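Counted the way UniProt numbering counts, the sequence shown spans residues 1 to 539.
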Amino acid sequence: MSGCTYFGEEAAAALEQWQRGGRTLDFVEALPDGGSGARLAIFHHDGDADHPEHKLLIKLCAPDEGAVTEPYDLDIAWKSGPPFNKGARTFDFPDRRLVRQVYPPLAVGDTWLMFLSIALDDRGDHELTPLSGLTSPTERATVAAAVIRSVLSEWNPDPGADHTMSALEYLRQALGHRAAPDSRLARTATRVLGADAQRPHITLPGCSESLPNPLLFPSSPLAGLKPPTVALGRAHYDLHPANIMVETTPSLVPDAHRLVDLSRFQQRGLLARDPVHLTLCLVCDYLPELSERALNDLIELLTADAAPDPNEDLLPASLHSTIQQTRSAPDDWRLTRHYSLTDWRPQYLLALQACALMFVTRRAREREQTWFLELAARACAAFAPVAKTISSPPQPPPTTPKDTATPPRSLAEFPTPTAVQAELERQRPQLTHALNRLSDARFDRILAENLRTVIHRCEKLERMAAHTPSTHPNAAVDPPWQPVLETARALDEIRTWHEHRPNSREEFQRVRDQFLAALSTLLDHQDPTTEDLSAGPRP
Numbered sequence: 001m002s003g004c005t006y007f008g009e010e011a012a013a014a015l016e017q018w019q020r021g022g023r024t025l026d027f028v029e030a031l032p033d034g035g036s037g038a039r040l041a042i043f044h045h046d047g048d049a050d051h052p053e054h055k056l057l058i059k060l061c062a063p064d065e066g067a068v069t070e071p072y073d074l075d076i077a078w079k080s081g082p083p084f085n086k087g088a089r090t091f092d093f094p095d096r097r098l099v100r101q102v103y104p105p106l107a108v109g110d111t112w113l114m115f116l117s118i119a120l121d122d123r124g125d126h127e128l129t130p131l132s133g134l135t136s137p138t139e140r141a142t143v144a145a146a147v148i149r150s151v152l153s154e155w156n157p158d159p160g161a162d163h164t165m166s167a168l169e170y171l172r173q174a175l176g177h178r179a180a181p182d183s184r185l186a187r188t189a190t191r192v193l194g195a196d197a198q199r200p201h202i203t204l205p206g207c208s209e210s211l212p213n214p215l216l217f218p219s220s221p222l223a224g225l226k227p228p229t230v231a232l233g234r235a236h237y238d239l240h241p242a243n244i245m246v247e248t249t250p251s252l253v254p255d256a257h258r259l260v261d262l263s264r265f266q267q268r269g270l271l272a273r274d275p276v277h278l279t280l281c282l283v284c285d286y287l288p289e290l291s292e293r294a295l296n297d298l299i300e301l302l303t304a305d306a307a308p309d310p311n312e313d314l315l316p317a318s319l320h321s322t323i324q325q326t327r328s329a330p331d332d333w334r335l336t337r338h339y340s341l342t343d344w345r346p347q348y349l350l351a352l353q354a355c356a357l358m359f360v361t362r363r364a365r366e367r368e369q370t371w372f373l374e375l376a377a378r379a380c381a382a383f384a385p386v387a388k389t390i391s392s393p394p395q396p397p398p399t400t401p402k403d404t405a406t407p408p409r410s411l412a413e414f415p416t417p418t419a420v421q422a423e424l425e426r427q428r429p430q431l432t433h434a435l436n437r438l439s440d441a442r443f444d445r446i447l448a449e450n451l452r453t454v455i456h457r458c459e460k461l462e463r464m465a466a467h468t469p470s471t472h473p474n475a476a477v478d479p480p481w482q483p484v485l486e487t488a489r490a491l492d493e494i495r496t497w498h499e500h501r502p503n504s505r506e507e508f509q510r511v512r513d514q515f516l517a518a519l520s521t522l523l524d525h526q527d528p529t530t531e532d533l534s535a536g537p538r539p
């Protein structure tokens with residue numbers, strides 16, 4: 001392993017071609033990938049007309065649904081900020097907390113090479129260290145709490161809110177692709193729970209008590225419930241210790257940290273998700289050594305309204321302190337935003353349920369898989385008493401049918417709220433990128449990932465439109481992303497068997513053509529009144 005060949009032959013050839021523009025790279029060292037499948041390495045770069053000599057972090061993104069749009073998402077994260085009157089006057093989070101793309105990304109097969117700046121301390125004296133590299137549990141907890149505070153207070157001085165989101169919709173958004181009926185989570189839970197996986201209540205192995213089923217299915221115990229409100233804003237969505245860099249030289253400075261890997265960045269993400277996910281990442285370090293009694297105490301500590309007395313449980317003092325620090329870290333932000341604990345706790349419990357389910361498939365030991373299922377179930381049980389009941393909206397009186405309007409053929413003809421238009425413009429580069437790949441048979445081996453990208457992003461448009469009622473006379477007609485969603489889901493359903501069934505190839509191609517036509521129609525319209533949030537260098 002030497003030089004650019006660390007990334008493989010195709011990437012090495014692309015880097016060799018890139019260097020012919022008057023740049024020179026010298027390999028320094030490879031870095032751990034954090035389990036994502038990406039490859040990272042540090043290179044010396046001798047500089048060019050626009051850049052002095054310096055070191056570069058070069059990343060070959062993993063070819064999955066999130067990573068194939070990582071260059072776009074990092075660029076959007078840098079551009080995303082509050083309006084001037086809501087904190088932008090002093091908004092410096094990207095400069096202080098994110099890393100830059102030094103050069104535009106370089107396409108390599110199904111993915112990208114990204115050229116990133118090295119994460120340095122505020123003085124530029126020392127390179128930062130991954131949080132995962134700290135050996136002291138106390139130090140890890142202190143840094144994690146500092147990161148949670150900055151993600152909320154510094155990155156979100158202008159949080160949004162959703163007062164109508166149901167508990168099931170919250171879980172779907174938090175879980176993403178894991179909410180699908182055929183996901184790895186669903187298969188693992190079915191293996192552990194057996195027939196209980198589709199019942200409202202479950203009995204876990206080794207536990208006689210019946211608990212509410214925390215999985216997503218039509219008869220979920222959460223159906224008909226919602227949190228009082230949901231805090232929305234800029235969220236990392238993959239916040240774990242390997243994605244946090246912190247100053248450790250000459251000594252640890254918890255507030256001197258930066259976030260890396262913005263491949264899942266959300267502009268209107270669930271703000272409770274990042275703090276809970278990071279907390280459970282730290283909890284995982286302790287699980288192999290805990291007794292059954294201690295594991296029960298840990299669930300109580302994570303789900304209880306008031307923290308139990310640390311002298312009354314069997315948990316290590318450092319674990320008790322870690323959870324206390326991370327759970328109290330949002331308090332200053334809540335107080336500044338006049339956000340009550342009774343509003344925060346319900347969404348914290350939903351985020352705890354969702355994140356616990358994520359870890360079910362990340363743990364190899366069945367004991368820990370079962371423990372995370374129990375944690376999710378008990379978070380679900382704790383949510384019900386603090387939830388609100390969803391009331392059915394009053395039905396409008398029947399009206400005499402009028403002449404049916406011609407369905408709009410583009411976004412220009414559809415009465416789309418401004419926020420939805422802006423969201424489509426933000427998504428346009430990613431959707432266009434997916435369309436180009438889905439139109440090219442060379443990318444059929446990642447057909448599922450590209451379809452998932454389109455489905456998830458169109459579902460977001462659908463949710464935003466549903467929460468922004470329109471009074472336009474054409475409001476009843478189908479929006480332009482509806483045929484995209486329907487045909488994408490149909491194509492995804494038949495993609496796995498069209499090659500193995502007689503006469504199915506023709507059906508597959510027919511649905512594919514319908515899908516590509518629908519997506520092209522959606523992307524044909526460029527709204528001149530909407531700011532292009534993805535402006536700037538594009539891959």
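C-beta atoms are modelled at their ideal positions from N, C-alpha and C, and glycine is treated no differently. Computed from a predicted model, the values in this text were never measured in an experiment.
In the DSSP assignment, Arg-39 is bridged to Leu-60. Contact between the segment 114 to 125 and the segment 220 to 235 is not established, with fewer than three Cβ pairs separated by less than 8 Å.
In the three-state reduction of the DSSP assignment, Tyr-103 falls in the strand class. Less than 8 Å divides the Cβ of Ile-58 from the Cβ of Leu-113.
For Val-484, the enclosing alpha helix (DSSP H) begins and ends at 481 to 494. Using a Cβ distance threshold of 8 Å, Gln-325 and Thr-142 count as a contacting pair. Of the other Cβ atoms in all chains shown, fewer than 16 fall within 10 Å of the Cβ of Ala-306; this residue is therefore exposed. In this structure, the CA atom of Cys-355 is about 12 Å from the CA atom of Ala-377.
For the options Glu-70, Arg-191, Val-28, Phe-383, the alpha carbon positioned closest to that of Lys-55 is the one of Val-28. DSSP places Ser-117 in the strand class (E or B) of the three-state scheme. Counting along the chain, no beta strand (DSSP E) covers Ala-466; the unbroken alpha helix (DSSP H) around it starts and ends at 447 to 466. Rounded to whole angstroms, Ala-179 and Met-358 show a C-alpha spacing of 10 Å. With a cutoff of 8 Å on beta-carbon distance, Pro-205 and Asn-213 are scored as not near each other.
For Val-511 against Val-484, the beta-carbon gap comes to about 12 Å, at or over 8 Å, which does not count as contact. For Phe-27, the enclosing beta strand (DSSP E) starts and ends at 25 to 31. With a cutoff of 8 Å on beta-carbon distance, Ala-381 and Leu-211 are scored as near each other. Here the segment 317 to 332 does not lie against the segment 237 to 257, with fewer than 3 beta-carbon pairs under 8 Å apart. About 5 Å separates the Cβ atoms of Gly-109 and Glu-10, confirming a contact at the 8 Å cut-off.
If you draw a straight line from the Cα of His-456 to the Cα of Gln-347, it comes to about 22 Å. DSSP places Pro-52 in no beta strand (DSSP E); its state is neither H nor E.
Spanning the alpha carbons of Glu-300 and Arg-100 requires a straight line of approximately 41 Å. DSSP, reduced to helix, strand and coil, places Arg-123 outside both helices and strands of the structure shown, so it counts as coil.
In this chain, the beta strand (DSSP E) harbouring Ala-235 covers 230 to 235.
Where Pro-181 is concerned, there is no enclosing beta strand (DSSP E), because DSSP gives it neither an H nor an E.
Cβ-Cβ separation between Arg-337 and Pro-218: approximately 35 Å, too far for a contact (criterion under 8 Å). Judged by DSSP in its simplified three-state form, Gly-160 adopts strand. Its Cα nearest to that of Glu-486, the residue Ala-518 stands out among Phe-508, Ala-518, Arg-463.
When rounded, the separation of the alpha-carbon atoms in Arg-199 and Ser-166 is 20 Å. For Gly-176 against Leu-232, the beta-carbon gap comes to about 16 Å, at or over 8 Å, which does not count as contact.
Of the residues assessed, Cys-4 falls on the buried side of the cut-off, its CB having 16 or more other CB atoms within 10 angstroms.
Residue range 341 to 360 is occupied by the alpha helix (DSSP H) that includes Pro-346. About 24 Å separates the beta carbon of Trp-18 from that of Leu-98, a gap too long to meet the 8 Å contact definition. Residue burial annotation: Phe-84 is exposed, with fewer than 16 other C-beta atoms found within 10 angstroms of its C-beta.
Exposure of Asn-436 is indicated by the presence of fewer than 16 other C-beta atoms within 10 angstroms of its C-beta. Trp-371 has its alpha-carbon roughly 42 Å from the corresponding atom of Thr-432. No residue range can be given for Pro-316, since it is assigned to no alpha helix (DSSP H) and is classified by DSSP as neither H nor E.
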